[in-house]
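Numbering (full-length UniProt numbering), first residue to last: 1 to 702. Glycine residues also receive a C-beta, built at the ideal position from the N, C-alpha and C atoms.
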């Protein structure tokens, strides 16, 4: 007689759940590291599902074991309870998925107590009935102790990752003297030893510099004022000022990667004291011992499927624990630990003898080699952030074409789920690599404000956004409110539209020498608009979504229809290849040149409306309630007027750089920390750069 799914579940439910729990641990171990970069949406979805299901599956399985009896033919099943505790401890590279998880560490502590008691009850119920002569008693106790320790370690890591805990710990923390073991910049002669050696030396030098200066990032991220620098301040300043701009930029990304480790992984409890390393040594030995005992004295007379599952659990646990130990020993955090340890003999054995340096150098070189061979995509950039900036253009959205077949299907599903706004933002946004011109302008702008003492003692910029432009144009308060906005996000909307209007003029972008400046202006304008639409929590001030929606509605429903209804308007021609390519596209990227002609026509129509009506009628047309289009036209007109006697492109670039630096400086620390778990943000890098330049007063003459 055929057995149904329910009968199959009743007999093999525990086996299925245990294997599912183990599989989820493998997914977490493999995918968790992708969060420090801009991971693909599918990968992030898989990671989120694995994180949510991992604890629930293990907890449900422990409850299932504690409530149900053990069939005579499945005597190995209770032995799996300690492994479920080990799974609840999770891998080292992920503890919290978001900052809120760390804030709830007390709730996790209660769960630890309940689940430990549940697993202990399962073992007691089984071994009390089978007597003390069971060959699996010692392995069960060993794995139970390991599971309890690893589960408790995860909860302690959540506590250490809480912002309030970090702030409290800084009051009694001493700066580590990592600079004692920083070689001056990698020697040029070592570069002859090969490409991998050169890259490894440069990367390792920056990582060690990041550990030496990491206290600046920690004090800034938790908004602590206790960082006096002490005796190490002069040496820190010497290290920082000795870096090139490109190295400094890379250093900021590495420091943010270290902060990610503290907030979202077990780094704080592993490298904070020697106990973390001891736990990994003992757990590896205990798991290996349990595997040996089971191999020679624990599988006789047991169900074959259960024996196979037990092997999977034991071997899997052993490999994961050994991997955890090797990763901990080879991590740059071990460098920081060895520099700060009170055990001088350990420092001498590992550091002064060069043993750890050789081990670490081999690890880094191996990562670079695997990256070059294409075997490991993320090895080389494991300490680097994504290096990209989001892009969203309002005129691009207003002139959007009919979406592709694939996009329409997903769009309809998004509408059904109430996610229409989210889908439109994702579909019509894109990314671009940060331009060198943008980096140069950011460095120059921050050095200027630090040199002019426009930053107070707490590192906060004194001037408001666009104040230098307002002073240059000699605007009064009312004019400044109209042209710069009464709120920061309002100013972004005004200047974004004005930028597109101004750059649509043919003579503005004809000069090839100005193309780097034009591209930088477009990238910054689109980036700030991307933050406003997709990540408003990364911007200071009140959100202006209603103002944005009304301005968008006016452009797309009032101005754009006038463009396409013009008899002279021609839809862009598309060949067969273009049509097939667009049929299945998921993104309508604002960086594409295909929409530029439509955007320029929309801008031209705005100019035409502006010039064809007298002021009163113009106000009635361009100034509906809540729209800021007329203010944007006024800004563009002012820029065009300045084109006759000055360089408006330079002014535009400086203004957008000012917007970027102001947004980075005034964004909340918690928002910066929260964004670290999804690849980081340019504003966070700029904010940290401002903190360092202010701290060490690195001002150079241009």
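>> Quick check on residue 390: does DSSP put it in helix, strand or coil?
In response: Here residue 390 is taken as the residue at index 390 of the chain shown, counted from 1. Of the three classes helix, strand and coil, the one that applies to residue 390 here is strand, per DSSP.
> With a CB to CB cut of under 8 angstroms and the five nearest residues on each side skipped, what residues in its chain are close to residue 640?
Replying inline: Residue numbering aside, residue 640 sits at position 640 when the chain shown is read from its first letter. Excluding positions up to five away in sequence, the list reads 502, 505 and 648.
> Going by DSSP, which residues form a beta bridge with residue 431?
Replying inline: As a working note, residue 431 is residue 431 in the chain shown. Paired residues: 390.
>> Quick check on residue 270: does DSSP put it in helix, strand or coil?
In response: On the chain shown, position 270 is the one that residue 270 refers to. Looking at residue 270 - three-state DSSP - the assignment turns out to be helix.
>> So, under 8 angstroms CB-CB, residue 151 and residue 242 are touching, yes? Tell me the CB distance rounded to an integer number of Å.
In response: The residue given as residue 151 occupies position 151 in the chain shown. The residue given as residue 242 occupies position 242 in the chain shown. Actually they do not touch by this definition, with Cβ atoms about 45 angstroms apart.
>> Let's test the definition: count the other Cβ atoms within 10 Å of the Cβ of residue 11 and tell me whether it reaches 16, buried, or not, exposed.
In response: As a first step, residue 11 is located in the chain shown; it is residue number 11 there, counting from the start. Around the beta-carbon of residue 11, fewer than 16 other beta-carbon atoms lie within 10 Å, marking it exposed.
> On the premise that residue 445 lies in contact with residue 661, defined as a C-beta separation below 8 angstroms, what is that separation, rounded to the nearest angstrom?
Replying inline: Against the chain shown, residue 661 aligns to sequence position 661. Against the chain shown, residue 445 aligns to sequence position 445. Their Cβ separation, rounded to whole angstroms, is 6 angstroms, which keeps residue 661 and residue 445 in contact under 8 angstroms.
> Three-state secondary structure (DSSP) at residue 460?
Replying inline: Stepping through the chain shown from its first residue, residue 460 is reached at position 460. Three-state result, residue 460: coil.
>> Our contact map puts residue 118 next to residue 66 with C-beta atoms below 8 angstroms; I'd like the distance itself, whole angstroms only.
In response: In the chain shown, residue 118 corresponds to position 118, counting from 1. In the chain shown, residue 66 corresponds to position 66, counting from 1. At roughly 5 angstroms, the Cβ-Cβ gap stays under 8 angstroms, so residue 118 and residue 66 are in contact.
>> Once DSSP output is grouped into helix, strand and coil, what is the label at residue 455?
In response: Indexing the chain shown from 1 puts residue 455 at position 455. It is a strand residue.
>> With a threshold of 7 angstroms on Cβ separation, who are the neighbours of residue 687 within its own chain once the five nearest residues in sequence on each side are excluded?
In response: As a position in the chain shown, residue 687 is number 687, starting the count at 1. For residue 687, where only same-chain residues beyond five positions count, the Cβ hits under 7 angstroms are 664, 665, 667 and 672.
>> Using CA atoms only, rank isn't needed, just tell me which of 310, 437, 697 and 631 is closest to residue 547.
In response: For this step, residue 547 is matched to residue 547 along the chain shown. The candidate whose alpha carbon is nearest that of residue 547 is 631.
>> Just to confirm my understanding: we take residue 165, look at its own chain, exclude 5 residues before and 5 after, and list those with CB closer than 7 angstroms. What are they?
In response: Locating residue 165 in the chain shown gives position 165, where the first residue counts as 1. Closer than 7 angstroms at the Cβ level, and outside the excluded window around residue 165, lie 159.
> Using 8 angstroms as the limit for Cβ to Cβ distance, is residue 556 near chain B?
Replying inline: The structure shown contains no chain B; it holds only a single protein chain.
> Is residue 682 buried or exposed, if buried means 16 or more other CB atoms sit within 10 Å of its CB?
Replying inline: Along the chain shown, read from residue 1 onward, the residue named residue 682 stands at position 682. By the neighbour-count rule (16 or more Cβ atoms within 10 Å), residue 682 is buried.
>> Just to confirm, is the Cβ distance from residue 324 to residue 280 under 8 angstroms?
In response: Here the question's residue 324 lines up with position 324 in the chain shown. Here the question's residue 280 lines up with position 280 in the chain shown. Cβ distance < 8 angstroms, so residue 324 and residue 280 count as in contact.
>> Starting from residue 338, trace the alpha helix (DSSP H) in both directions and tell me its first and last residue.
In response: Residue numbering aside, residue 338 sits at position 338 when the chain shown is read from its first letter. Unbroken alpha helix (DSSP H) run through residue 338: 332-340.
> Would you say residue 155 and residue 126 are within 8 angstroms of each other, going by their C-beta atoms?
Replying inline: Counted from its first residue, the chain shown places residue 155 at position 155. Counted from its first residue, the chain shown places residue 126 at position 126. No, the pair does not count as a contact, with Cβ atoms beyond the cut-off.
>> Just to confirm before moving on: does the CB-CB distance between residue 431 and residue 333 stay below 8 angstroms?
In response: Locating residue 431 in the chain shown gives position 431, where the first residue counts as 1. Locating residue 333 in the chain shown gives position 333, where the first residue counts as 1. Result no, Cβ atoms of residue 431 and residue 333 do not sit closer than 8 angstroms.
> Can you tell me where the alpha helix (DSSP H) with residue 7 in it begins and where it stops?
Replying inline: In the chain shown, the residue the question calls residue 7 occupies position 7. For residue 7, the uninterrupted alpha helix (DSSP H) segment begins and ends at 5-31.
> Are residue 676 and residue 260 touching if we call contact CB-CB under 8 angstroms?
Replying inline: Your numbering for residue 676 matches position 676 in the chain shown. Your numbering for residue 260 matches position 260 in the chain shown. Yes.
>> Can you list, in chain order, the residues of its chain with a C-beta nearer than 8 angstroms to that of residue 704? Leave out the 5 residues immediately preceding and following it.
In response: This structure gives no information on residue 704, because the portion of the chain shown stretches from 1 to 702.
> The alpha helix (DSSP H) spanning residue 34 covers which residue range?
Replying inline: If you number the chain shown from 1, residue 34 lands on position 34. It is not in any alpha helix (DSSP H) - residue 34 carries neither H nor E in the DSSP assignment.
> So residue 220 and residue 679 are in contact, right, with Cβ under 8 angstroms, and what is the actual spacing, rounded?
Replying inline: What you label residue 220 is simply residue 220 of the chain shown in a count that begins at 1. What you label residue 679 is simply residue 679 of the chain shown in a count that begins at 1. That pair is no contact at about 20 angstroms.
> In terms of alpha-carbon separation, which member of 516, 659 and 337 lies closest to residue 470?
Replying inline: For this step, residue 470 is matched to residue 470 along the chain shown. Closest by alpha carbon: 659.
>> Let me confirm a value: residue 305 is counted as buried when at least 16 other C-beta atoms fall within 10 Å, else exposed. Which label applies?
In response: As a working note, residue 305 is residue 305 in the chain shown. Residue 305 sits exposed, since fewer than 16 C-beta atoms from the chains shown fall within 10 Å of its C-beta.
> Helix, strand or coil for residue 245 per DSSP?
Replying inline: As a working note, residue 245 is residue 245 in the chain shown. Here DSSP, grouped into helix, strand and coil, assigns residue 245 to helix.
> Going by C-alpha distance, which of 544, 694, 559 and 396 is nearest residue 455?
Replying inline: In the chain shown, counting from the first residue as 1, residue 455 sits at position 455. Measuring from the Cα of residue 455, the nearest candidate turns out to be 694.
> Comparing alpha-carbon positions, which option in 251, 604 and 400 lies nearest residue 392?
Replying inline: Taking the first residue of the chain shown as 1, we reach residue 392 at position 392. Selected option, being the one with the closest Cα: 400.
>> Please report the straight-line C-alpha distance between residue 60 and residue 394, rounded to a whole angstrom.
In response: Reading the chain shown from its first residue, position 60 is the one you call residue 60. Reading the chain shown from its first residue, position 394 is the one you call residue 394. Each residue's alpha carbon lies about 48 angstroms from the other.
>> Between which residues of its own chain and residue 26 is the CB-CB distance below 8 angstroms, once the five residues before and five after are set aside?
In response: Here residue 26 corresponds to residue number 26 of the chain shown, with the count starting at 1. Counting only Cβ-Cβ distances below 8 angstroms, and skipping sequence neighbours, we find 316.
>> Once the 5 residues before and after residue 378 are set aside, which same chain residues still bring their CB inside 7 angstroms of it?
In response: Locating residue 378 in the chain shown gives position 378, counting from the first residue. Model confidence at residue 378 stands at a pLDDT of 46, short of 50, so the residue's coordinates are unreliable and nothing is read from them.
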